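Residue numbers (the UniProt record's numbering), protein chains in the order written: chain A, 1 to 204; chain B, 1 to 204; chain C, 1 to 204; chain D, 1 to 204. Cβ coordinates follow ideal geometry from the N, Cα and C atoms, glycine included. Bear in mind that the values here come from a model prediction, so they are computed numbers and not experimental data. Quick notes on the structure that follows.
Protein chains: 4
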Amino acid sequence: MATPVYSGATRTPQRGRPRDASRDEALRRAALEVMAEVGYRALTMDAVAARARAGKATIYRRWESKLDLVIDTCAQLASQNLAQPDTGSLEGDLRESLRSFAAFLSGPIGKAAQALVGELPHEPELAVAFRETFLIAQREVLRQVLDRAHGRGELREGAPRSMAVELAGAALTYRLMLTGEPLDEAFVERVVEQVLLPLVAKGQ
Amino acid sequence: MATPVYSGATRTPQRGRPRDASRDEALRRAALEVMAEVGYRALTMDAVAARARAGKATIYRRWESKLDLVIDTCAQLASQNLAQPDTGSLEGDLRESLRSFAAFLSGPIGKAAQALVGELPHEPELAVAFRETFLIAQREVLRQVLDRAHGRGELREGAPRSMAVELAGAALTYRLMLTGEPLDEAFVERVVEQVLLPLVAKGQ
Amino acid sequence: MATPVYSGATRTPQRGRPRDASRDEALRRAALEVMAEVGYRALTMDAVAARARAGKATIYRRWESKLDLVIDTCAQLASQNLAQPDTGSLEGDLRESLRSFAAFLSGPIGKAAQALVGELPHEPELAVAFRETFLIAQREVLRQVLDRAHGRGELREGAPRSMAVELAGAALTYRLMLTGEPLDEAFVERVVEQVLLPLVAKGQ
Amino acid sequence: MATPVYSGATRTPQRGRPRDASRDEALRRAALEVMAEVGYRALTMDAVAARARAGKATIYRRWESKLDLVIDTCAQLASQNLAQPDTGSLEGDLRESLRSFAAFLSGPIGKAAQALVGELPHEPELAVAFRETFLIAQREVLRQVLDRAHGRGELREGAPRSMAVELAGAALTYRLMLTGEPLDEAFVERVVEQVLLPLVAKGQ
DNA sequence: ACATAACCGAGACGGTACGTCGCGTCTTCTA
DNA sequence: TAGAAGACGCGACGTACCGTCTCGGTTATGT
């Protein structure tokens, strides 16, 4: 649902004029711009269509709804942005992965994510896509960081790895979405120094 | 803005028919009911008015918008729900205050709070009211818990009290709003045992 | 219905503060002013109340509705304006009575009358009052003019008196309300010379 | 203004979906039905839209207001209803044309016309359309009747033709709109016998 | 080459909710 | 009790956006 399907996978031989893939990008770009300017609530399909100089049907041919368009737009951008760090030390990896996630959240994608939060309880499909896009990828990165540190013997016995992973995501998104306080390097530093390392690193 | 002001405190003698305070309550009740049933997005002023057997003008006389109505409705309820625990021990107080906050968030008010998150960046006044209602009160409770524990000598030297307070709020709201995982006693227990006590309590 | 009753005729001994008769006049004046400015359709009770510096209840205590207020306002003015002419000759009397009626219609009362025409089919009570005020009085005047002329032997045998009376009213109101052409002395003159005298006067 | 213009006569190639002409008709029909049932005052755009199973925007795309819709609806019907009689005699033609006009006025169109009278002074464009639709066409018919009679030598020297034409319209509309008396054949007969023929026909 | 079929921009369409305004009533304070 | 002020329930207003549809016109493919 969240991805425009026009590959022809299920479509028989491919008759008629094929979809113009460049319209996808133009529409996603327009959607992101509009959302950044006025937020999700005030984003209208007419506005997106006008911005992309497209007809509304061209949008609905690709996405089922405003929600679908937005989540797909975010997912597209999200999938290119989270790199697996490997500095060799737990502390370095934590710092790097949190910094990376913070940067990711601080851009327009973070704004979009925030805009979608209110819809999650009423849109199960969106919730799935949202978590896949914004939570699981980040969690996976951090879990591997901890697993590798475990392999290197840097973790304390019985360190609450799952909780640490969850806390890291929680701390960053809480600032971003709820408190409005800055998601800067200093904060990342404090989370690493005062929370993550004390909870999981050996000899703290 | 978020509170219907018509007390006349500063207003001269009081001209015309005064606003009927019972309409406030009926409207807030209706708003909460409708929101619980269909969510914030699908809540319409017409529905609230109909449910409360009120004219729409009666709503708009008191609140400027749907958002304003909802935030005020929540604030009203919020202000009566967070008690300061005092069990005599850090662990007991933490457990009690988190449990209380979790319960608070698990009800309709939590749903409303989630619904409002997406509006915060575009509605500064709402953001202020939101933080006052949903964040600061809880923070204050927890801070006092830690301060009292500090007075009793239960805290470690240099314990990151601010961070602990923030983490507690973050962990709970993250679950509630983003991951969708249950905000149950077991989770509260884990946060206390695996995070808060290790970070601040002496001799952990 | 169309006349404000506050004489106490039916009201027992008269308890409490009596109605302020000066408010009647102020309200009628306000109503006439507003109607002259914006027409009947756009006349609002709030506007009349504001203009007269009165509360709306003060209006509704006297008149049942906007229509009632307007028709009474007109009736009040109408009753003072149609004089019975007596020049001694049929031609003089006709000229005088038509001139008088034309002047009556050309003022604000005529505008009000026009404004009410559209309501007549749906407001039987209004229709009765309207005809009494605007039609019958004028008819009566003209009929007496013709009867006196008959007495003086100025009428032709079998002159269509009723039709003549009706035609006079029709010709004037048609111009006023439908064609928008001027209701001036020249027109009155033509009606008398070309229509009424030829139809009823002896030896034409 | 009173006619929905979207022919594209001057418009370049024709962009977008064209207006559906069948909606025009459905809306006009609905407007006429509603007006016949509840009158002009109580006619609401919502009711018309609902009756025609149309959105309100579809109405407002074509007509600027209720007034505009109504006058256009009438004009549409009016233009098909007045036939030029030709019985060969003045009396026959007069009787026929008045009968025809009386019938025209007695239907829903007459009701609509009456409803519009009150708006004329405040709506110049409406006034123009109104006169074109309801007055001039009828006048033209009658004038030609008189002209043909003149050609046949049936008119008196110096007969007040203009006045006769005006009187005929005045007599009929006066009954219809003001007095509420029936606009029946007997009345038409009296107007012809007692007024028009005596005024203009030779040898009366 | 040329019909076929899906594409595209544009915008009309049926609907639903919006926030405002006017009606006629009701409720306070003041005289 | 009247009077000014203005809140109240109701319902229509005209607008905006939704998601669908129908135009004229374009662009690949399959015959």
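Helix, strand or coil at residue i [DSSP, three-state]
i, result
"Ala-42/C", "coil"
"Leu-105/C", "helix"
"residue 205/B", "Beyond the ends of chain B as shown, which are 1 and 204, falls residue 205/B; an answer cannot be given."
"Leu-142/C", "helix"
"Pro-124/C", "helix"
"Glu-181/D", "coil"
"Leu-27/C", "helix"
"Ala-54/B", "coil"
"Gly-16/C", "coil"
"residue 215/D", "Because chain D in this structure spans residues 1 to 204, residue 215/D falls outside the shown range and cannot be described."
"Thr-87/D", "coil"
"Gln-80/B", "coil"
"Glu-64/C", "coil"
"Gly-118/D", "coil"
"Val-192/A", "helix"
Same chain only: Cβ atoms within 8 Å of residue i, ignoring 5 sequence neighbours per side
i, result
"Arg-29/B", "Ala-52"
"Glu-33/C", "Arg-51"
"Pro-160/D", "Leu-199 and Val-200"
"Glu-154/C", "Ser-89, Leu-90, Ala-201 and Lys-202"
"Glu-181/C", "Arg-175 and Phe-187"
"Leu-105/A", "Ala-113, Leu-172, Thr-173, Leu-176 and Leu-183"
Beta-ladder partner(s) of residue i, from DSSP
i, result
"Leu-155/C", "Ala-201/C"
Cβ-based neighbour list, residue i, same chain, cut-off 6 Å, excluding 5 preceding and 5 following
i, result
"Leu-196/B", "Leu-94 and Ala-164"
"Arg-143/B", "Val-165"
"Leu-199/B", "Ala-164"
Presumed contact (8 Å Cβ cut-off) between residue i and residue j, rounded CB distance
i, j, result
"Leu-82/C", "Val-141/C", "6 Å"
"Arg-99/A", "Glu-185/A", "7 Å"
"Leu-49/B", "Gly-55/B", "As written in the sequence, residue 49/B is Ala, which differs from the Leu given in the question. Yes, they are in contact, since the Cβ atoms of Ala-49/B and Gly-55/B sit about 6 Å apart, within 8 Å."
"Arg-62/A", "Asp-24/A", "6 Å"
"Thr-179/A", "Leu-135/B", "6 Å"
"Ala-78/B", "Ala-127/B", "Going by Cβ atoms, the distance from Ala-78/B to Ala-127/B rounds to 15 Å, so no, they are not a contact pair."
"Leu-102/D", "Val-188/D", "Per the sequence shown, residue 102/D should be read as Ala rather than Leu. Sure, about 6 Å apart at Cβ, within 8 Å."
"Ala-31/D", "Leu-69/D", "5 Å"
"Gly-118/D", "Gly-107/C", "With a Cβ gap of about 17 Å, Gly-118/D and Gly-107/C do not count as contacting."
"Lys-202/A", "Arg-139/A", "Not really, about 23 Å apart at Cβ, beyond 8 Å."
Same chain, Cβ closer than 7 Å to residue i, neighbours up to 5 away in sequence not counted
i, result
"Phe-130/A", "Ile-71, Leu-116 and Leu-120"
"residue 256/C", "Outside the modelled stretch of chain C, which goes from 1 to 204, sits residue 256/C, for which no answer is possible."
"Val-191/B", "Leu-98, Ala-168 and Ala-171"
"Ile-59/C", "Leu-27, Met-45, Val-48, Ala-49 and Leu-69"
"Thr-133/D", "Cys-74, Ala-75 and Ala-78"
contact_flag[the region 38-51 of chain D, the region 112-126 of chain C] where n(CB pairs < 8 Å) is 3 or more: Between the region 38-51 of chain D and the region 112-126 of chain C, the count of Cβ pairs shorter than 8 Å is three or higher; the stretches touch.
Three CB pairs or more closer than 8 Å across the region 103-117 of chain D and the region 68-79 of chain D: Under the three-pair Cβ rule at 8 Å, the region 103-117 of chain D counts as touching the region 68-79 of chain D.
Three or more C-beta pairs below 8 Å linking the region 86-97 of chain C and the region 136-150 of chain C: Judged by Cβ distances under 8 Å, the region 86-97 of chain C makes contact with the region 136-150 of chain C, as three or more pairs qualify.
Meets three-Cβ-pair contact criterion under 8 Å: the region 171-182 of chain C and the region 165-176 of chain D: Touching, per the Cβ criterion.
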